[in-house]
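In this note's numbering, the protein residues as written are 7 to 743.
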């Protein structure tokens, strides 16, 4: 069987109760592992000591407290998301852990100095982590979501998915009504209509002693009574925290012996029992015959399972070396359904925006009528008339046939609004404002809806790319299977009579279904950096501290120093030699590399931040750069005195490209387009624009994911945080947007 990769709703219910024992723990540090979409919150509890809480929303979706020995090594440079959480949460106290309805959503609520911070872990679909403030507004999130049904985006109110039916709180009459309303069989109804999922749908049937496949219209009252009794028992155990967690193992071929009763071949050592396939909060009758290793707590079981149940544990069931065919059709059907929903949302947004504009135009077309209604309300309020009195006054006017009164359909004092009907359209107005302001508010609402439409259009484009990727993988799978089925009789023979001495074709990494990650760490990655088209390393500071370090430690004889003729920019050094190499007078830096270094210096300066497209840059030698100010002057941190003649690069155009390399190493690179594009497998050029740095990074990330068949590769090597490191300060946009 395939191993578990995501928590179920039952798992989340068990966790929400169990994690309450950690309430009162104080937050120390927060870490983010972008390549794994994993958040780590280090806390300390007055009774339990050090607490390491992991939230994973990547390929594996789970949450739990883990052994400190099992946490990944902290990233060298915290991503912006982690820094934001540290600023908001350091010293905060965990006050509550809860599950949203019966969904795979867990909320971690923290408090500090009277402020509430909520971390929402969405353990379904593509997974997401959202951070909410006191008001429920999204401070930041790993992934922006814009759908017809909900929006999760910085600055917007967090919207939960539509609440799912909760089978753990339903009474017997409600349970029976829900079951009887289905047109499927027992197990499918439990799985889908009652939201238990396939595993627990089968488990409940087994415990109740009923056949999975009994059609609902043939199910007896006794069978439904037995199922409800098992549902109630499970709900009571979860509510009371009466858990008995297990990690279950799949027997390996060599171990298939014995009759097994919660063991395999008498094995008690997990290493002898096969490989891990599931972790559950209670023992499952469905798993009788498998080895089930008991744990004191469910979070300990999850720690063991997700720490050690790697993909290497999986085995081929058939033992013949064959591969299980992925269910491409199901994946395609899911994407097509999502596209249909997204397109429906776009149509709705278009209609809603058009309706708001038409309402605004109706106000202007009936200006005198609307002005009369609003003036009546405002004058009455100025006379301290109550809203009920105003409503009565309009009612009297309707009885007398007054046109303005006949147009009024309702007055709402709690919202200070009046609803009018014009040309069979009901329009709600702000009673405190005039005609023009109300029309303007309607136009603004139309614009806001159109922005949501743009987000939905981006989402449907992304889903279409994902659909194309699945279809491509299916074609590649079928072609490969067909090739293997044809036998190896032609192996070693050159096609078309060739002699086999030709060069091997270059790998099309964009089409590769699985790209190995190969990456080393370099000393210069703490700074901004790129390699020129001639191979020279260029480094630049991200802040004043970096600028100080670059000049003091890394500006050597033979190097060239560049800086934009503008306040606020990186100290840029074109390295003529490596940090441990001696100066070689024969080394000549080509003009092309110097121009690229100049473009780098101006692009990452305040010139870009000010939305300008060009600026002046100067170049000097190392001995012209000094930390000693002129008499009577002062140098701030990160500043330098430049003495002597300068070489100027006037009106140097800004220009940055961000790309992904696949060989010899897999990484994000960024800098002047002339230097980046030849080295990258694929790249995107950016220019000053309206998208904030983090939003622009997310847009590039989605674009890169659409270009690679292996989108998990992009998550691993080119997360939004890593892309953001190569974007200039200020707003940006893709050149081809």
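Built from N, CA and C at the ideal position, the CB exists for glycine as well.
Model, not experiment: these values are computed from the prediction.
Nearest in C-alpha terms to residue 633, of all of 649, 236, 623, is 649.
Annotation for residue 92: the continuous alpha helix (DSSP H) segment containing it runs 86-95. In the three-state DSSP reduction, residue 147 falls in the strand class (E or B). For residue 137, DSSP records a beta bridge to 125, 146.
Restricting attention to beta strand (DSSP E) runs no shorter than 3 residues, the stretch 564-588 encloses them at 566-570, 578-580, ordered along the chain. In the three-state DSSP reduction, residue 720 falls in the helix class (H, G or I).
By the neighbour-count criterion, in which a residue is buried when 16 or more other Cβ atoms sit within 10 angstroms of its Cβ, residue 15 is buried.
The secondary-structure analysis by DSSP pairs residue 544 across a beta bridge with 536, 580. Residue 559 is classed as exposed because its beta carbon has fewer than 16 other beta carbons within 10 Å across all chains shown. With 16 or more other CB atoms across the displayed protein chains lying within 10 angstroms of its CB, residue 600 is buried. Rounded to whole angstroms, the separation of the alpha carbons of residue 514 and residue 40 is 25 Å. Within the same chain, Cβ atoms closer than 6 Å to the Cβ of residue 377 are found at 441, the five residues on either side in sequence being excluded. When secondary structure is reduced to three states using DSSP, residue 297 falls in the coil class, being assigned neither helix nor strand. For residue 611, the number of other beta carbons within 10 angstroms of its own is at least 16, and it is reported as buried. Runs of the alpha helix (DSSP H) spanning 4 or more residues and lying entirely within the stretch 651-729 occur at 679-682, 699-713, 717-723, in chain order. Residue 243 is not bridged by DSSP to any residue. Excluding five sequence positions before and after residue 685, the CB atoms of its chain that fall closer than 8 Å to its own CB belong to 537, 665, 667, 675, given in chain order. Ranked by Cα distance from residue 306, the options 21, 517, 174 are led by 21.
Between residue 164 and residue 133, the gap from beta carbon to beta carbon reaches 9 Å or more. Take residue 211, set aside five residues on each side of it, and the residues of its chain with a beta-carbon closer than 8 Å to its own are 192, 193, 196, 217, 218, 233, in chain order. For residue 53, no beta strand (DSSP E) segment is defined, and its DSSP state is neither H nor E. For the 9 Å CB-CB criterion, residue 13 and residue 69 form a contact. Sorting 569, 25, 202 by C-alpha distance to the C-alpha of residue 655 places 569 at the top. Between the stretch 699-715 and the stretch 514-524 there are three or more inter-stretch CB-CB distances shorter than 8 Å, so the stretches are counted as touching. Residue 286 is bridged by DSSP to 252. Within the stretch 348-390, the alpha helix (DSSP H) runs of at least 4 residues that lie entirely inside it are, in chain order, 373-388. If you check the CB distance, residue 462 and residue 152 come in under 9 Å.
CA-to-CA, the gap between residue 394 and residue 180 works out to about 41 Å. By the beta-carbon neighbour count (other beta carbons within 10 angstroms, threshold 16), residue 385 is exposed.
For residue 425, the uninterrupted beta strand (DSSP E) segment begins and ends at 423-428. Taking the Cα positions, residue 550 is about 29 Å away from residue 147. Residue pairing from DSSP places residue 157 in a beta bridge opposite 152.
Nearest Cα to residue 657 within the set 709, 571, 646: 571. Under the DSSP definition of a beta bridge, residue 195 lacks any partner. Excluding the 5 residues flanking it on each side, residue 116 has same chain C-beta neighbours closer than 8 Å at 33, 95, 98, 99, 100, 101, 122, 123, 124, 125, in chain order. For residue 614, the number of other beta carbons within 10 angstroms of its own is at least 16, and it is reported as buried.
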